[in-house]
Amino acid sequence: LVLLFRGRKHNVLRSRVDHHNFDLDQLLMGAMLLCMSVFLLPSVFMFHACFSAARLVVVFVYSLAALLVFNLNHLPATLLLLGSCGCLKWPREATLSLSHHPA
């Protein structure tokens with residue numbers, strides 16, 4: 071695009087820079103491309119970077135929550151908590167007996 075505003079173009083066949091008089095439409099198209107590349111691309115890049123970082127945080131929090139749920143479902147946490155407070159003791163008065171009734 072720099073060559074466009076200097077009135078030159080790159081000749082691909084001969085690998086050199088030639089002098090050229092561009093039309094107004096070609097200069098306008100070049101100016102629009104330059105504006106888009108200078109002003110629009112950095113803002114699109116920052117939009118992508120910010121929302122990618124936000125998505126990464128959400129995925130990390132979701133993974134931590136899934137790991138917590140997995141551990142709570144597969145570890146005997148209830149038995150460990152009840153055993154630590156002494157709530158798993160059976161009452162001493164309760165006994166089981168079989169009674170035989172003739173039919």
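Start counting at 1 in the sequence shown, then tack on 70, and there's your number in this note's numbering. Backbone N, C-alpha and C fix where the C-beta goes; we use that ideal spot for every residue, glycine too. For clarity, every value in this text was computed on a predicted model and none was experimentally measured.
DSSP three-state call for His170: helix, strand or coil? coil
State the Cα-Cα distance for the pair Gln96 and Ala136, rounded to the nearest angstrom. 57 Å
Which residues bound the alpha helix (DSSP H) around Ser133? 111-144
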